[in-house]
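**Student:** Position 92 of the sequence shown, counting from 1, maps to 725 under our numbering, and the rest follow consecutively.
Backbone N, C-alpha and C fix where the C-beta goes; we use that ideal spot for every residue, glycine too.
Please see the structure below; I have some questions.
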Amino acid sequence: MMEDDAPSTGTEEGGPTERSGGLIVPVEGEFLLNLLNEVGRHRALTDTETDVIEEIVRAESGEQDFRWTARHDRMLIDASQRRGIHRLARDLGVSDGAAYQRLARVRRRRGIRVRGEP
Numbered sequence: 634m635m636e637d638d639a640p641s642t643g644t645e646e647g648g649p650t651e652r653s654g655g656l657i658v659p660v661e662g663e664f665l666l667n668l669l670n671e672v673g674r675h676r677a678l679t680d681t682e683t684d685v686i687e688e689i690v691r692a693e694s695g696e697q698d699f700r701w702t703a704r705h706d707r708m709l710i711d712a713s714q715r716r717g718i719h720r721l722a723r724d725l726g727v728s729d730g731a732a733y734q735r736l737a738r739v740r741r742r743r744g745i746r747v748r749g750e751p
């Protein structure tokens with residue numbers, strides 16, 4: 634196949650870059666989703682694969698304002714009891730740090746002692 638016939642990854646940048654975790658190839662989220670949809674037709678994606686896809690798509694959308702609600706606060710409390718803050722943060726589109734900070738505020742307001750406080 635000639636180079637011109639190769640599918641476009643949708644990026645203007647150079648090729649792959651090396652990192653300690655392995656090789657990183659810059660592609661647009663939409664292109665990657667189309668490829669993974671093809672894979673997904675033959676088998677279910679693992680949780681790790683799904684998380685990677687979500688992370689790529691979320692990284693493309695950039696930072697957004699997020700308004701915490703009482704419902705989100707309840708979800709944080711429930712997730713912390715099941716050790717699910719990381720997953721919930723991804724579902725809500727916030728960083729883990731933002732979720733943990735909000736959880737600490739919610740616990741303080743409810744009078745629940747937070748580790749590291751007298």
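Please state if the CB of residue 668 and the CB of residue 686 are separated by a distance shorter than 8 Å.
**Tutor:** For residue 686 and residue 668, no; Cβs fall outside 8 Å.
**Student:** Please specify which runs of the alpha helix (DSSP H), each continuous and at least 4 residues long, are wholly inside the stretch 668-749, giving them in chain order.
**Tutor:** 680-694, 703-714, 718-725, 729-743
**Student:** Quick check on DSSP: helix, strand or coil for residue 661?
**Tutor:** coil
**Student:** Between residue 662 and residue 699, how many whole angstroms is the CB-CB distance? I'm expecting something under 8 Å.
**Tutor:** Rounded to whole angstroms, the Cβ separation of residue 662 and residue 699 is 20 Å, and the two are not in contact under 8 Å.
**Student:** Select from 742, 741, 683, 743 the residue whose C-alpha is nearest the C-alpha of residue 724.
**Tutor:** 683
**Student:** Looking at residue 723 and the ligand FAD, is the gap between the Cβ and the nearest heavy atom below 7 Å?
**Tutor:** With respect to the ligand FAD, the structure offers nothing, as it holds no ligand at all.
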